[in-house]
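Listed in order, the protein sequences are those of chains A and B.
Take any residue in the first sequence, note its place counting from 1, add 13, and you have its number in the working numbering.
Take any residue in the second sequence, note its place counting from 1, add 13, and you have its number in the working numbering.
Positions of the beta carbon are idealized from the N, C-alpha and C atoms, including for glycine.
Given the structure is predicted, the values throughout are model-derived calculations rather than measurements.
Written below as C-alpha cells is the structure these notes are about.
Number of protein chains: 2
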Amino acid sequence: MNDVLVVDDDPHILKALKITLHAHGYTVVTAHDGESALQCAARHPFGVIVLDLGLPDIDGTTVITRLRQWSRVPVLVLSARHGSDDKVKALDAGADDYVTKPFGLDELLARLRAVQRRSIQADEAPVVRTASFTVDLAMRRVTRNGKDVRLTPTEWGILEILVRNPEKLITQHQLLTEIWGAAYTKEANYLRVYMAQLRRKLEPEPGNPRHFMTEAGIGYRFQP
Amino acid sequence: MNDVLVVDDDPHILKALKITLHAHGYTVVTAHDGESALQCAARHPFGVIVLDLGLPDIDGTTVITRLRQWSRVPVLVLSARHGSDDKVKALDAGADDYVTKPFGLDELLARLRAVQRRSIQADEAPVVRTASFTVDLAMRRVTRNGKDVRLTPTEWGILEILVRNPEKLITQHQLLTEIWGAAYTKEANYLRVYMAQLRRKLEPEPGNPRHFMTEAGIGYRFQP
DNA sequence: ACGGATCTTGACGCCGTCTTAACGTGCGCG
DNA sequence: CGCGCACGTTAAGACGGCGTCAAGATCCGT
C-alpha cells in the first residue's frame, strides 16, 4: 500500500515529485491527464493519489467525483489556485487534503503520511499472525487457539521487538539494551530464560521452535 | 456527531468560530487551553476538534499526541505559523488537517466536512453494554440491573477512557496523565484505589474481575 | 460555617515477576 | 576423544506491584 499515483500535466513537476517520493520509499506511477489517471486507479489499488487540479482534459474536481463513485482511496489535491472556491469544491467532491503551490516538499510528505495513516487506521489493525498464535500490537494482546495468552511485561517487550522485525536477526545486544538497559549487555542469561518462557507459551513444540529461532552466538529471529 | 470542540486562546477568534460553526449546524464547545481541551475531549465524544497551535499552557502538538493515545477523533489544526516545520510536526503527531491563518471560513467549513466524512466509518456506538452493566457515553450514565450507578468524577474519567478503548490495554501512564496530569505518572497508588472502587461498583465479583482486567506492571484493559 | 462527598495518603499481606544460580545438552575444535 | 562454550531448562529466593482498608485532608453545596 505504499504505491502512489501522481497526476499532473506539467512534466517538470511530475518528474520532481516522482524522484522525491521515490526517494522516500514510495512506488510512484504517473499520469498526465484525468482519463488516464482514472484508468490507472481502476487497474491498480493505490495507497494514495496526488492530483493536480489543472488537467488538460477534464476538471480535477470531476476526476475526484468520478473516482469517488467506486473508490475510497485517499486523494491529496495540488493546485496553483489560491481561491477558496476551488478548495471547497474539491474537498466536497471527496478530496482528503488540499495543498496550494508553491509548497514545501516536507509538508507534502507529512500530509501524505497523515492522509495515509487515516486510511490505514480505518482499514486494519497492526496484527501479526503465525500458524500457532496471533499478536495484536495495538491491543497489546496475544491469542493462541482463540485463548488469550498471559505475558509478563518483560516477555511482551521481547516479543514485540522480535515481531516488529519479522525475518530479521535481532542481536542479543539489541534486545538486552532495549529491555534492560545498556548496563546489562553481558546478561545473556536473561534472554535464555525469557526465550524459553516465550516458546513454552507460544510454540507448539517448545523444544523444536518454529517461530523463535536462535542464531547461536548472535541473537534471535522471528519467523512468521 | 455534529459536536465540535474549538480550542483557541484568543477569545475573539473563539467567538467568531463559535458563531459561524453554530450557524452551519454544529454544536460548539470551546476551550481556551490544552489541559481543559483534553479533559473536555475525554468527557464528551466530539465529531471533530479544531485546535489552535498557540496555546498558553502546553504545546499544541503535545495536545495532539496525548489525545491520540486514546482517541481517534479528527483534529483540524489552526495556526498563524506558516513554517512547514510546524505543519510536519503537527501532522505527524496525528493531526488530520492543517490550516494557516488567515483562512477563508468557507474553506475551513469544507475542510471540516472532508475531515469528518472520512471518520464516519469509524464512528462508535455511544452506549457500551456488558453482561453486568451498561455505559452511556453521551448521557454520562452507568446502569446496572436497571438501576443507576453513582460514579464520582474521577471514577467516571477512568471508566470512560477504558470503555472507549474496549479490549485495548491502557497503560498506567496514559490513565494517570489523562486524569491527573503529567506530574502524577508515579502515583500508581491512585489507580489501585479507583480501580478497586470501580470494580466494587460494577463487577459482579469485585475480587474476581471479569471486565476490568489488570495487566501487572503495565496497566488495565476493559473486557465487554 | 457546617456536613457530606470525594480525594489523597499511608500501611499491610499476598502473589506474580524478576533475578540468580545450578545443571543438562549439543556442538565444534583441539 | 574430551574439553569448553553457548544454549535450554528448571527451581528457589528476592523484590516489587497489586488489592484492600482506613484514616485524614480537601472540596463543594447548603
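Between P219/A and chain B, is there a C-beta pair that is closer than 8 Å?
Stepping through the first sequence from its first residue, residue 219/A is reached at position 206. So, not an interface residue.
Assign R223/B to one of three DSSP states: helix, strand, or coil.
Here residue 223/B corresponds to residue number 210 of the second sequence, with the count starting at 1. Coil at R223/B, not helix or strand.
For the stretch 83 to 115 of chain B, which residues have a CB atom closer than 7 Å to at least one CB atom of chain A, in sequence order?
Within the stretch 83 to 115 of chain B, the residues whose Cβ lies closer than 7 Å to some Cβ of chain A are R85, S97, K100, V101, L104, D105, A108, D109 and D110, listed in chain order.
Identify the continuous beta strand (DSSP E) that holds S92/A and give its terminal residues.
Residue mapping note: residue 92/A aligns to position 79 of the first sequence, counting from 1. It spans V88 to S92 - the beta strand (DSSP E) in which S92/A sits, taken as one unbroken run.
List, in order along the chain, the chain B residues whose C-beta lies closer than 8 Å to that of G230/A?
Here residue 230/A refers to the residue found at position 217 of the first sequence. The premise fails here: G230/A is roughly 31 Å from chain B at the closest Cβ pair, so nothing lies under 8 Å.
What separation, rounded to the nearest whole angstrom, lies between the Cα atoms of G220/A and W193/A?
Mapped onto the first sequence, residue 220/A falls at position 207. Mapped onto the first sequence, residue 193/A falls at position 180. The alpha-carbon atoms of G220/A and W193/A are separated by roughly 26 Å.
Within the same chain, show all residues whose beta-carbon is closer than 7 Å to that of A44/A, passing over the 5 residues directly before and after it, in chain order.
The residue you call residue 44/A lines up with position 31 of the first sequence. Hits under 7 Å: L18, V20, A50 and C53.
Using a Cβ-Cβ cutoff of less than 8 Å, which residues in the same chain neighbour G107/B once the five nearest sequence positions on both sides are dropped?
Looking up residue 107/B in the second sequence gives position 94. Correct list, in chain order: I77, T78, L80, R81 and V88.
Any beta carbon from chain A within less than 8 Å of K199/B's own beta carbon?
Taking the first residue of the second sequence as 1, we reach residue 199/B at position 186. Not closer than 8 Å to any Cβ of chain A, the Cβ of K199/B fails to qualify, so no.
What does the alpha-carbon distance come out to for the pair L91/A and L27/B?
Taking the first residue of the first sequence as position 1, residue 91/A is located at position 78. Taking the first residue of the second sequence as position 1, residue 27/B is located at position 14. Cα-Cα distance, rounded: 30 Å.
Taking 8 Å as the cut-off, does the stretch 56 to 68 of chain B touch the stretch 120 to 133 of chain B (at least 3 CB pairs, one atom from each stretch)?
The stretch 120 to 133 of chain B makes contact with the stretch 56 to 68 of chain B: 3 or more CB pairs, one atom from each, lie closer than 8 Å.
Strictly below 9 Å CB to CB, what residues from chain B border D119/A?
One-based indexing of the first sequence puts residue 119/A at position 106. Simply S97, D98, K100 and V101.
What does a CB cutoff of less than 6 Å around P179/B pick up in its chain, not counting 5 residues either side in sequence?
One-based indexing of the second sequence puts residue 179/B at position 166. Within the same chain, P179/B has close Cβ partners F235 and P237.
Closer than 8 Å by C-beta to I71/B: which residues in its own chain qualify, once you throw out the five before and the five after it? Chain order, please.
The residue labelled residue 71/B in the question sits at position 58 within the second sequence. So the list reads D46, G47 and E48, once near-sequence residues are dropped.
Specify the secondary structure class of E228/A as computed by DSSP and reduced to three states.
Residue numbering aside, residue 228/A sits at position 215 when the first sequence is read from its first letter. Reduced to three states, the DSSP call for E228/A is strand.
I'd like the span of the beta strand (DSSP E) that includes K160/A, first residue to last.
For the purposes of this step, residue 160/A is taken as the residue at position 147 of the first sequence. Its beta strand (DSSP E) spans residues K160 to V162.
Is A50/B helix, strand or coil when you go by DSSP?
The sequence position of residue 50/B within the second sequence is 37, counting from 1. In this structure, A50/B counts as helix in the three-state DSSP scheme.
Where does L66/A fall in DSSP's three states?
As a first step, residue 66/A must be located in the first sequence, where it is residue number 53. L66/A falls in the coil class under three-state DSSP.
Residues of chain B with CB closer than 9 Å to the CB of P166/A, please, in chain order.
In the first sequence, counting from the first residue as 1, residue 166/A sits at position 153. Neighbours of P166/A on chain B, chain order: E228, A229, G230 and I231.
Name, please, each residue of chain B whose Cβ falls closer than 7 Å to the Cβ of M208/A.
Start at 1 with the first residue of the first sequence, and residue 208/A comes out as number 195. Those do not exist, as M208/A stays about 19 Å from chain B at its closest Cβ, beyond 7 Å.
Along chain B, which residues have their Cβ under 7 Å away from the Cβ of M152/A?
Counting from one through the first sequence, the residue named residue 152/A turns up at place 139. Result: E180, K181 and L182.
Three-state secondary structure (DSSP) at T77/B?
Here residue 77/B refers to the residue found at position 64 when the second sequence is read from its first residue. It is Ile, not Thr, that sits at residue 77/B in the sequence shown. Looking at I77/B - three-state DSSP - the assignment turns out to be helix.
Just verifying my parser: in three-state terms, what is the DSSP assignment at I71/A?
Indexing the first sequence from 1 puts residue 71/A at position 58. When secondary structure is reduced to three states using DSSP, I71/A falls in the coil class, being assigned neither helix nor strand.
At which residues does the alpha helix (DSSP H) containing Y207/A begin and terminate?
Walking along the first sequence from the start, residue 207/A turns up at place 194. Run containing Y207/A: A201 to L215, per the alpha helix (DSSP H) assignment.
On the three-pair Cβ rule with 8 Å, is the stretch 162 to 181 of chain B touching the stretch 189 to 208 of chain B?
yes
Taking L18/A as part of the beta strand (DSSP E), name the residues at either end of that continuous run.
As a working mapping, residue 18/A is identified with position 5 in the first sequence. Start and end: D16 to V20.
When the Cα atoms are used, what is the spatial distance from M152/B to H224/B?
Position 139 of the second sequence, counting from 1, holds the residue named residue 152/B. Position 211 of the second sequence, counting from 1, holds the residue named residue 224/B. Distance from the CA of M152/B to the CA of H224/B, rounded to the nearest whole angstrom, comes to 21 Å.
At a Cβ threshold of 8 Å, is A144/B touching chain A?
On the second sequence, position 131 is the one that residue 144/B refers to. Not closer than 8 Å to any Cβ of chain A, the Cβ of A144/B fails to qualify, so no.
What residue from G232/B, I174/B and T143/B has the CA that sits closest to P217/B's CA?
Position 204 of the second sequence, counted from the first residue, corresponds to residue 217/B. The candidate whose alpha carbon is nearest that of P217/B is T143/B.
Given that R131/A touches chain B, what residues does it touch there, using C-beta distances under 7 Å?
As a first step, residue 131/A must be located in the first sequence, where it is residue number 118. Simply D109 and R131.
Reducing DSSP to helix, strand and coil, say where Y233/A ends up.
Here the question's residue 233/A lines up with position 220 in the first sequence. Strand at Y233/A.
Taking the straight line between their C-alpha atoms, what separation do you get for Y203/A and G232/A?
Within the first sequence, the letter at position 190 stands for residue 203/A. Within the first sequence, the letter at position 219 stands for residue 232/A. When rounded, the distance between both Cα atoms is 13 Å.
Kindly indicate which three-state DSSP category Y111/A falls into: helix, strand or coil?
Residue 111/A sits at position 98 when you count from the first residue of the first sequence. DSSP places Y111/A in strand when its eight states are reduced to three.
Grab the span of the alpha helix (DSSP H) containing D105/A for me, first residue to last.
Within the first sequence, the letter at position 92 stands for residue 105/A. Note, D105/A: alpha helix (DSSP H), S97 to A106.
Which residue or residues does DSSP assign as beta-bridge partners of R157/A?
Working through the first sequence from its first residue, we reach residue 157/A at position 144. According to DSSP, R157/A bridges with K160/A.
Is it the case that the Cβ atoms of L118/B and R94/B are separated by a distance below 8 Å?
The residue you call residue 118/B lines up with position 105 of the second sequence. The residue you call residue 94/B lines up with position 81 of the second sequence. The answer is no: Cβ separation not under 8 Å.
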